[in-house]
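Chains as they are written, first to last, in our numbering: chain A, 61 to 522; chain B, -15 to 429.
Note that the Cβ used here is the ideal one computed from N, Cα and C, for glycine as well.
Everything numeric in this text was worked out from a predicted model, so none of it was measured.
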Amino acid sequence: MVSNLMLRDGEVSSGGLTVDYGCGVRVLEGEKTGYAYSESTDMRSLLEAARAAGAIAGKDSFASLGMTKKGLEMTNKLSSRPSNRGPRQLQIGGVKQASGEIPNFYPMQRDWRTCNPADFVEGLHKLESLIRAKDSRVAKVIALLGYSVSEILMYNSLDELTSDLRPMASLSVQVVYQSKGSVQTKSASRSFRMGVEFFTDELINEVATEATAGIDAMFEARRPAGGQMSVVMGAGASGILLHEAMGHAFEADFNRKGQSIFAGKIGQQICRKGINIVDDGTLPFFRGSCNFDDEGVPGQKTYMVTDGVLTSYLHDRISANYYGVAPTGNGRRESFRYNPIPRMRSTYMENGADGTVEDLIKMAGNGIYVDEFANGEVKIGEGDFTFYVKSGFLIEDGRLTMPVKDINIIGNGPQALSDIVAVAGDLKVDPGRWTCGKGQSAPVSCGIPSVLINNLTVGGGQ
Amino acid sequence: MIENYELELARLAMDIAAQEGAQKCRVCLSKSVSDIFSTLDGEIDKVSHCMDRGLSLTLFVDGRFGTFSTNQLDEASLRDFVRKAVNMTRILATDQLRDLPDPARCCTKAGSGDELGLYDPAYAKVSADQRSAMALQAAVTGRIPDTPAYKLISEEGEYSDSEFDAVTLDSGGLFCRHKETSFEYGVEVTVEAPDGSKYSGFWWESSPRLDGLRTDEVGRKAVARAAAQIGSQPFPGGKYTMVVDTDVASRLVTPVLNALGGYSLQQGNSFMNGTLGQQVFGESVTIIDDCHIAGQSGSRLFDSEGVATAPGPVIENGVVKEYFINTYISRKMEIAPTIEDCTRAHLLPFGGVSDREAILRKCGEGILVTGFNGGNCNSATGDFSYGIEGFRFENGKIVSPVSGMLITGNFRELWKNLIAAGDDARPCMAKLIPTLAFTNVDFNG
Chain A
61 MVSNLMLRDG EVSSGGLTVD YGCGVRVLEG EKTGYAYSES TDMRSLLEAA
111 RAAGAIAGKD SFASLGMTKK GLEMTNKLSS RPSNRGPRQL QIGGVKQASG
161 EIPNFYPMQR DWRTCNPADF VEGLHKLESL IRAKDSRVAK VIALLGYSVS
211 EILMYNSLDE LTSDLRPMAS LSVQVVYQSK GSVQTKSASR SFRMGVEFFT
261 DELINEVATE ATAGIDAMFE ARRPAGGQMS VVMGAGASGI LLHEAMGHAF
311 EADFNRKGQS IFAGKIGQQI CRKGINIVDD GTLPFFRGSC NFDDEGVPGQ
361 KTYMVTDGVL TSYLHDRISA NYYGVAPTGN GRRESFRYNP IPRMRSTYME
411 NGADGTVEDL IKMAGNGIYV DEFANGEVKI GEGDFTFYVK SGFLIEDGRL
461 TMPVKDINII GNGPQALSDI VAVAGDLKVD PGRWTCGKGQ SAPVSCGIPS
511 VLINNLTVGG GQ
Chain B
-15 MIENYELELA RLAMDIAAQE GAQKCRVCLS KSVSDIFSTL DGEIDKVSHC
35 MDRGLSLTLF VDGRFGTFST NQLDEASLRD FVRKAVNMTR ILATDQLRDL
85 PDPARCCTKA GSGDELGLYD PAYAKVSADQ RSAMALQAAV TGRIPDTPAY
135 KLISEEGEYS DSEFDAVTLD SGGLFCRHKE TSFEYGVEVT VEAPDGSKYS
185 GFWWESSPRL DGLRTDEVGR KAVARAAAQI GSQPFPGGKY TMVVDTDVAS
235 RLVTPVLNAL GGYSLQQGNS FMNGTLGQQV FGESVTIIDD CHIAGQSGSR
285 LFDSEGVATA PGPVIENGVV KEYFINTYIS RKMEIAPTIE DCTRAHLLPF
335 GGVSDREAIL RKCGEGILVT GFNGGNCNSA TGDFSYGIEG FRFENGKIVS
385 PVSGMLITGN FRELWKNLIA AGDDARPCMA KLIPTLAFTN VDFNG
């Protein structure tokens, strides 16, 4: 169940509701995958999907089952409803679990399915009022509240039966500012795996404050001269560069196929000592958190880089089997329409010991400070990336000076990682509405402490 | 594909909406099936079978408006869903500008769904064995020898076909149907140079008809594209003539079309605001909405409101001829409605050159862009900055690969500097944009 309410031109005059229901069947033959799904869970539809997925095994492996005892057992299991109490490990190796309770990283205090959408209209109006009160240059405000609840039930041939209830809530706003014939836009968002308790006055204030911050700098910003220079990445949202330019190359499917720049480099020093990079499914309420991944593997925290050494890829069950390691809980998918593949969850770098962001700016001397990126792209094989700078400043003589705009930072992921010369102690995991696209979308979180990178190319004017 | 009982479900949804108090409504019922056979290094790696059926509902209730969708289409679930949808619409603010389109503007010629010849009956006869064979036959692993310059590290191929059928009805009597089939093969390869550096290449072909799909050269083209990038590096920054390959040229057209969209214009967030009827670009620029080409994917007889599409100019000799204005935005902006979006943009040839090689010869020297990597366009100002890769060319010939560079500029200025447009747009692409050439483009890296 997905629902949304939109404020535009001062009115909450559009909204919607989507119901999506179905079951996916995956069949593995070694590392080969057969996948099919059905939008109905009657036995005939399930068997049809199973036969299609089973074709990968080279024989009509499910056709012979018919309505056998095994099939009826499966039906009974699948007809049980997912638990409304949160994650449950109902059965392991065919043995039913007494309570089945496991840690819940996103308990809902109040379920979105029990709410009245009318209760949220006032909050959206309040958000617009706050934004308009903070800046007289506001011309247009579009605000969107979206929320969803997914009920998940998973069963596999290891006789494991798991259940999860996944809420998601997002508040986003886009503001158009006009001043002296010039137009600027600013966006802000918050998104967490939470129930109705997500939508508070405090949250609305936070979003309004972020949507109106730095507007003077946006109007004053200029495109600077480009070139190779030191770059200080601010804590928090800059973590998207870590996700795109490095994180994808840690995903085990790219490495299993030899495509990643990090293929065959487990155990090697890939960046300076002291740097730890983590993919974490256990951060309470964050978008990337998973009680279970979509293969029924419990949520966990995975160190990809420990003290500068590449220690693990991000695995689903297929790649884990290939590498002879335990799955890391990264087998994720967009919905029952997709087979799980290795995906990031909340990806971040742990704190360093090189002081504060101000210290890093002083160390840089001259260069650029960036606190918000957008529209990043990376080529997994080459490791080359380009990121658009949404917000940043020139660094001159160790201090921030002119705000900059309309520039990109380009580089190579592994090279940039090895060019990190300082990491501050101000880690922030960004609370924004990040979604990763890898053929199918998945909610993620990203974060980073402030870091200083030498020798990135900044593309600006001549 | 959509059966009569499913059409009755769509009509039932409208009836329930009316019973629950909706004055007007629109229903779109869509159904699709697709099969995907993926290969890894010349062997079948993944097989997927996908079946989707969904119903979307647009409601107009007491001057209020809401959009809803579900894939649970048994009658009891549908009744419950429509009841909830009507109730949710009632909590929204009134917006008297929302309405169905004028029936006089709606499509009346899409009764069978196959008026544009996009449905191939051969689809129904394709077997799983044939799909598997086509995927395997197209793979090049083991068929292309490694060279001293590179070896093939990985090949991921994907044959897919699909069948799509959608019907749009509204309470004003609209009935429009669109059916199409699609057959595609794409491949992504990674090659490794002797120094261990890796380069990727991609190519694909698609056709709405099985006999129109050509897979034999796809893998070789992908390998050639990857290998051509070996040793790429930035070229010194400066102002150069830029030639943009037809495969990626739509990247420079999409922001302009987006800026002509009603929502951007109405929100004051468009760099094309106030340009209707104005000479904004050079006379070399003519883009038409070529929406009725029979047998080409992307052609459509109606938009999402059911409004009839019509071929016509969007930009003509540099003059803006059309904004994309749906019923709602038309009322908000108090201008005449047109169509929801540009259905199939087609940039017409200019400069007497037909293809990439002819354009390179005409331009002499500059940078050929064959790929974009990240970047952004400021929708309010048109300022852009994109990462690029491609080749340096001199005397009309490619001399060295280029990567790690950016182009920067403003779209309104860039399109004043179009000096050539070929006639080589690929029919399988969503937009028909040929190879383009621009002067005085800022490159840095």
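8 Å Cβ cutoff met for residue i and residue j
i                     : j                     : result
residue 528 (chain A) : residue 270 (chain A) : Residue coverage of chain A in this structure runs from 61 to 522, which leaves residue 528 (chain A) outside it and unanswerable.
residue 70 (chain B)  : residue 43 (chain B)  : yes
residue 20 (chain B)  : residue 142 (chain B) : yes
residue 377 (chain B) : residue 350 (chain B) : yes
residue 252 (chain B) : residue 233 (chain A) : no
residue 23 (chain B)  : residue 119 (chain B) : yes
residue 152 (chain B) : residue 366 (chain B) : no
residue 466 (chain A) : residue 238 (chain B) : no
residue 299 (chain A) : residue 334 (chain A) : no
residue 382 (chain B) : residue 92 (chain A)  : no
residue 391 (chain A) : residue 338 (chain A) : no
Three-state secondary structure assigned by DSSP to residue i
i                     : result
residue 233 (chain B) : coil
residue 424 (chain B) : strand
residue 111 (chain A) : helix
residue 375 (chain B) : strand
residue 346 (chain A) : coil
residue 332 (chain A) : coil
residue 370 (chain A) : strand
residue 181 (chain B) : coil
residue 125 (chain A) : With a pLDDT of 38 at residue 125 (chain A), under the threshold of 50, the predicted position of this residue should be treated as unreliable, though the coordinate-derived value follows. Reduced to three states, the DSSP call for residue 125 (chain A) is coil.
residue 87 (chain B)  : helix
residue 36 (chain B)  : strand
residue 238 (chain A) : strand
residue 165 (chain A) : coil
Nonlocal neighbours in the same chain, by C-beta distance under 6 Å from residue i, ignoring five residues either side
i                     : result
residue 414 (chain B) : 282
residue 62 (chain A)  : 78 and 208
residue 321 (chain B) : 309, 311 and 314
residue 175 (chain A) : 256
residue 23 (chain A)  : This structure gives no information on residue 23 (chain A), because the portion of chain A shown stretches from 61 to 522.
residue 202 (chain A) : 68 and 234
residue 76 (chain A)  : 64
residue 100 (chain B) : 278 and 283
Close beta carbons around residue i, own chain, < 7 Å, minus the five adjacent residues each side
i                     : result
residue 509 (chain A) : 295, 409, 411, 412, 483, 484, 485, 486 and 487
residue 33 (chain B)  : 19
Proximal chain E residues relative to residue i, where beta-carbon distance stays under 8 Å
i                     : result
residue 164 (chain A) : The chain inventory of the structure shown lacks chain E, comprising the protein chains A and B.
Neighbourhood of residue i by C-beta, 8 Å cutoff - its chain only, sequence neighbours within 5 removed
i                     : result
residue 353 (chain B) : 226, 227, 228, 229, 232, 372, 373, 374 and 391
residue 330 (chain A) : 322, 365, 368, 369, 370, 474, 477 and 478
residue 87 (chain B)  : 156, 157 and 158
residue 67 (chain B)  : 0 and 4
residue 92 (chain B)  : 292
### Task
Using a Cβ-Cβ cut-off of less than 7 Å, give me the residues of the segment 54 to 67 of chain B that come near chain A, in sequence order.
54, 55, 56 and 65
### Message
Short of 8 Å Cβ to Cβ, which residues in the segment 93 to 114 of chain A face chain B?
### Response
93, 94, 95, 96, 97, 98, 99, 109, 112 and 113
### Task
Inspect the CB distances between the segment 308 to 316 of chain B and the segment 83 to 99 of chain B and report whether three or more fall short of 8 Å.
yes
### Message
Within 8 Å, do at least three Cβ pairs link the segment 144 to 152 of chain B to the segment 3 to 15 of chain B?
### Response
yes
### Message
Contact between the segment 419 to 429 of chain A and the segment 286 to 299 of chain A is defined here as three or more beta-carbon pairs at a separation below 8 Å; is this criterion met?
### Response
yes
### Task
Examine the Cβ distances between the segment 310 to 324 of chain A and the segment 398 to 415 of chain A and report whether three or more of them are shorter than 8 Å.
yes
#### Entry: contact_flag[the segment 51 to 70 of chain B, the segment -12 to -2 of chain B] where n(CB pairs < 8 Å) is 3 or more
yes
### Residues of the segment 433 to 452 of chain A with Cβ closer than 9 Å to any Cβ of chain B, in chain order
434, 435, 436, 437, 438, 439, 440, 441, 442, 443, 444, 445, 446, 447, 448, 449 and 450
### Task
Output, in sequence order along the chain, the residues in the segment 233 to 253 of chain B whose CB is closer than 8 Å to any CB in chain A.
251, 252 and 253
### Query
Three or more beta-carbon pairs under 8 Å between the segment 263 to 276 of chain B and the segment 320 to 335 of chain B, yes or no?
yes
### Residues of the segment 177 to 200 of chain A whose Cβ lies closer than 8 Å to any Cβ of chain B, in chain order
177, 178, 181, 199 and 200
### Task
Check each residue of the segment 388 to 410 of chain A: if its Cβ is closer than 8 Å to any Cβ of chain B, include it; give the result in chain order.
397 and 399
### Query
Listed in chain order, which residues of the segment 176 to 191 of chain B have Cβ atoms closer than 7 Å to some Cβ of chain A?
182, 183 and 184
### Task
Give the residues from the segment 315 to 330 of chain A that approach chain B closer than 7 Å (Cβ to any Cβ), ordered along the chain.
317, 318, 319 and 321
### Task
For the segment 221 to 246 of chain A, enumerate the residues whose C-beta is nearer than 7 Å to any C-beta of chain B, in chain order.
236, 238, 243, 244 and 245
### Members of the segment 71 to 89 of chain A that neighbour chain B once the beta carbon cut-off is set at 8 Å
71, 72, 73, 74, 75, 76, 77, 78, 79, 80, 81 and 82
### Query
Would you say the segment 167 to 183 of chain B touches the segment 43 to 56 of chain B, given that touching needs at least three Cβ pairs under 8 Å?
no
### Task
Flag this pair as touching only if the segment 175 to 187 of chain B and the segment 435 to 446 of chain A have three or more C-beta atom pairs under 8 Å; answer yes or no.
yes
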